[in-house]
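Read top to bottom, the protein sequences are chains A and B. End of the first sequence = 1305 in my numbering, gap-free, step of one. End of the second sequence = 314 in my numbering, gap-free, step of one. Using N, Cα and C, we set each Cβ at its ideal position, and we do this for glycine too. Only a predicted model underlies this, so the values are computations on that prediction, with no experimental measurement involved. Some notes on the structure that comes next.
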Amino acid sequence: MTAVTPAPPSTVVRPAPAGAVPPNRPAGRSRLRTLAGFAFGAALLFAVAPLVLSDFRLALLAKYLCVAMVAVGIGIAWGRGGMLTLGQGVFFGLGGYAMAMHLKLADAGPGGMPDFMQLYGQLDELPLWWRPFASPWFALPATVLLPMAVAFGLGSLVFRRRVRGAYFAILSQALAAAMVILLIGQQGTTGGTNGLTDITGFFGYDLDDPVNQRMVYFIIAGTLLALLALTRQLIHSRYGELLVAVRDGEERVRFLGYDPASVKLVAYVVAAGMAGLAGALFVPAVGIISPALIGIVPSIEFVIGVAVGGRATLLGPVLGAVAVAWARTALSERFPGTWTYLQGLLFVVVVAFLPGGLASLWALARRRDVAAQPLRRGWLSLGRRRAERTEVPAA
Amino acid sequence: MTVLFGQLFTGISIGAVLLLIALGLALTFGQMNVINMAHGEFIMAGAYTTYVLQQSITGAGLSLAVALPVAFVVAGTMGVLLEVLLIRRLYARPLDTLLVTWGVSLILQQLARDIFGSPNVQTRAPELLTGNVALPGGLTIANNRLFILALALAAVAALTLALRLTPLGRRIRAVVQNRDLAAVSGIATSRVDRTTFFLGSGLAGLAGVALTLLGPIGPTMGTNLIIDAFLVVVVGGIGQLKGSVIVAFALGVLQATGEYLTTLSVAKVIVFVAIVAFLQWRPQGLFTLRTRSLA
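Structure representation (structure tokens):
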């Protein structure tokens, strides 16, 4: 069989967008509603949840909110930018490991070495690349900047060469695979399969103390709200519109004189930074970071929450991620096998039949036609080959 | 020198496994532009088919010979079911297909766990395939590796001939090159899609049988292999076989050499970096057809 390629896309239908972008709304009312929404969310997270939930449940919620932060980033990169990134675990892990390394070193005290290094490795002194992490002034910025740098490196290489779609998804997944194998292989300096465990101190606070756990929860909740505010600004800016335009018609955007590669790169790097921050906060909340938390499987599980909630909406990814994580805990404790079936079904049903996620049900209930479109597209496109192009939203 | 050839052969045998898996993917990905994450579970289905057949057929050699066609049909049928029930409905949504088939693969894995149990199971290899071939110069080559290499090459040859010479192959090539034009020329493209999926998934079944010779089989055996196989297809260029053949062996040798010079984990990273670097040079893969499209 000689040189052939798939049918050229110029004749092929474009994928239906995951969620139509809301048209420009009247700015004043929208801003008021957003503020009210944020106030409501803040009240829920800061007042209601700590009062209602036990310490144990609150710690779980803290963990879910970290997953939700990753989901917000995926919402930008995938929902808004059309880049299905199956390797967010890598950035989550980079942030998490950077934080855990610092906390381990802080635990060990000046000149000390983390406990596991004496166990596995015949190391006499701290490896060179661990040393900078002893300083919080290096480690804390690194939790965000390191993932962003890796995303920038990979993204600027592949987007510029127009590697996209499924190719990009596979590359991002391969990155996760490579990272995990590297971590496990370098057991002496990374803790191998076990990862970095027994993290008990957090900048002088004892994490076993419920009061301090609560403080960590508040930090996480506050960070999530801040990220949501940032995301809202981002997707309602001119850049946000450009990002959606790139998703729906990359070539058109190129012909209009923009550089789609840079547009995508920004979204990818921002998503990586959010995942890194989430990983960094995950460590004090849960006390461990390990390859099992960041590999291929967790990376793709980050995506399912986003799909369930509604990939192209602001709150959808957060609610979806928290709901899926909660359902997982609730079900997998009692019926581990059933949860796997359910998770598989969730992927199939939501992505195939409800590509706009639960957010599109909400929109349908409110009869907001524009926002409901993804839902109808999802149902209608079943078994039918659509030849329509998607509308590029008016700027 | 001996070491060099030893590493080279290790690389080639890694490449042969990759090739067996990637062939089916190249076929389905190339034709329908669909990422089938459940391909790894078709491999698993092929492996478990061998295991089940060995429960009733005692002769290891005979059971292996029977397993090859049976696994092909079992995995192929699963592929057709998947295509008919889900994938064809997601036509033109390749990224969504990826996630949906991932869900299917989760379900299939759990199914395998419920039927066969989570621990890995072991199959018996025929005596013929357990020994080594001694080559002059102190080299030995494991028989099972040699068998897998032969199987992979036979699959490539059979597939190439089928695509070149048979009417079915002609139809498949037509659909790959230009689906719309093929459709207006009177080719029932959806039937061709189904056949392609049967063949591609069947090849995964064959790969599963081959893998039983290399080690124990378990519910998650497919997941780890599938990503490397996808990389082969991406780097090789989709829609054709020769790219996949070359890249499978190249990646195998690179992996083995990297492993020999450094460690397994570093070798994986080297392979990944090499792939990203390669895509800088040829973003569409090794072999592509020049088209006027904007892809």
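Terminal residues of the beta strand (DSSP E) in which residue i lies
| i | result |
| --- | --- |
| B/V53 | Neither: B/V53 is in no beta strand (DSSP E) and is coded neither H nor E. |
| B/L154 | N151 to L154 |
Alpha carbon of residue i to alpha carbon of residue j, nearest angstrom
| i | j | result |
| --- | --- | --- |
| A/F1257 | A/T1250 | 11 Å |
| B/P302 | B/V251 | 13 Å |
| A/V1196 | B/R108 | 41 Å |
| A/T1053 | B/L23 | 42 Å |
| A/V931 | A/I1145 | Confidence in A/V931 is poor, its pLDDT being 47 and thus under 50, which makes the residue's placement too unreliable to answer from. |
| A/L1211 | B/G150 | For clarity, residue 1211 of chain A is Glu in the given sequence; the question names Leu instead. Cα to Cα, the separation comes out at about 43 Å. |
| B/K261 | B/L87 | 24 Å |
| A/V982 | A/F1192 | 15 Å |
| B/G237 | A/Y1007 | 31 Å |
| B/R112 | B/A248 | 21 Å |
| A/I1198 | A/A969 | 13 Å |
| B/Q74 | B/T231 | 14 Å |
| A/L1292 | B/A94 | Note on A/L1292: pLDDT 38, under 50, position unreliable in the model; the coordinate value appears next. One C-alpha to the other measures close to 25 Å. |
| B/D133 | B/W121 | 18 Å |
| A/L1138 | A/G1230 | 14 Å |
| A/L994 | A/L1140 | 21 Å |
| B/V152 | B/L244 | 27 Å |
| B/N163 | A/G1267 | 48 Å |
| B/Q26 | B/G271 | 10 Å |
Neighbour-count burial assignment, residue i, 16 or more Cβ in a 10 Å radius
| i | result |
| --- | --- |
| B/D115 | buried |
| B/R183 | exposed |
| B/S263 | buried |
| A/T1248 | exposed |
| A/Q1253 | buried |
| B/L117 | buried |
| A/W1039 | exposed |
| A/Q1123 | buried |
| B/L147 | exposed |
| A/A1185 | buried |
| A/E1160 | buried |
| A/E1243 | exposed |
| A/P1208 | buried |
| A/G1021 | exposed |
| B/W300 | exposed |
| B/A173 | exposed |
| A/V1154 | buried |
Within chain B, the residues that residue i reaches when beta carbons sit closer than 7 Å
| i | result |
| --- | --- |
| A/I1210 | W121 |
| A/P1194 | Here the premise fails: no neighbours, minimum Cβ distance about 28 Å. |
| A/P1265 | D115 |
| A/A1076 | I54, P113, L114 and L117 |
Closer than 7 Å at the beta carbon, the chain A residues around residue i
| i | result |
| --- | --- |
| B/S284 | I1091, L1092, I1094, G1095 and Q1096 |
| B/L118 | V1213, A1217, F1257 and V1261 |
| B/P302 | R1071, R1072 and V1073 |
| B/V288 | A1088 and L1092 |
| B/Q299 | L1067 and R1071 |
Chain-ordered neighbours of residue i on chain A, where CB pairs are closer than 9 Å
| i | result |
| --- | --- |
| B/T242 | I1206 and V1207 |
The alpha helix (DSSP H) enclosing residue i, as first and last residue numbers
| i | result |
| --- | --- |
| A/L1268 | L1268 to A1275 |
| B/T185 | Element bounds for B/T185: n/a, residue is neither H nor E. |
| B/I289 | L283 to W300 |
| A/L1004 | Q998 to A1018 |
| B/I160 | Unbroken run through B/I160 is the beta strand (DSSP E), L158 to A161; no alpha helix (DSSP H). |
| A/T1099 | Q1097 to T1100 |
| A/W1236 | G1226 to R1244 |
| A/M1184 | P1170 to V1196 |
| A/I1210 | I1206 to G1219 |
| B/D199 | R198 to V203 |
| B/F217 | T208 to T231 |
| B/L105 | B/L105 -> no alpha helix (DSSP H), and no H or E assigned at all. |
| A/M993 | Where A/M993 is concerned, there is no enclosing alpha helix (DSSP H), given that its DSSP letter is neither H nor E. |
Proximal chain B residues relative to residue i, where beta-carbon distance stays under 9 Å
| i | result |
| --- | --- |
| A/I1080 | I54, L117, I246, F249, L250, V252 and V253 |
| A/G1254 | W121, G122, V123, S124, L125, I126, L127, Q128 and Q129 |
| A/T1141 | Those do not exist, as A/T1141 stays about 21 Å from chain B at its closest Cβ, beyond 9 Å. |
| A/T1250 | L125, I126, Q128, Q129 and R132 |
| A/G1220 | Neighbours of A/G1220 on chain B: none; closest Cβ ~14 Å, over 9 Å. |
| A/G1247 | Q129, R132 and D133 |
8 Å Cβ cut-off: residues of chain A touching residue i
| i | result |
| --- | --- |
| B/L105 | V1258 and A1262 |
Amino acids of chain B, ordered along the chain, whose beta-carbon sits closer than 8 Å to that of residue i
| i | result |
| --- | --- |
| A/L1064 | V295 |
At a cut of 8 Å, does the region 119-133 of chain B reach the region 264-274 of chain B through at least three beta carbon pairs? no
Contact between the region 271-283 of chain B and the region 62-77 of chain B is defined here as three or more beta-carbon pairs at a separation below 8 Å; is this criterion met? no
Under 8 Å, with one C-beta from each stretch per pair, do the region 1218-1234 of chain A and the region 1084-1095 of chain A reach the 3-pair mark? no
Is there contact here, the region 984-998 of chain A with the region 1214-1221 of chain A, by at least three beta-carbon pairs under 8 Å? yes
If you pair each beta-carbon of the region 1145-1158 of chain A with each one of the region 1167-1186 of chain A, do three or more pairs fall below 8 Å? yes
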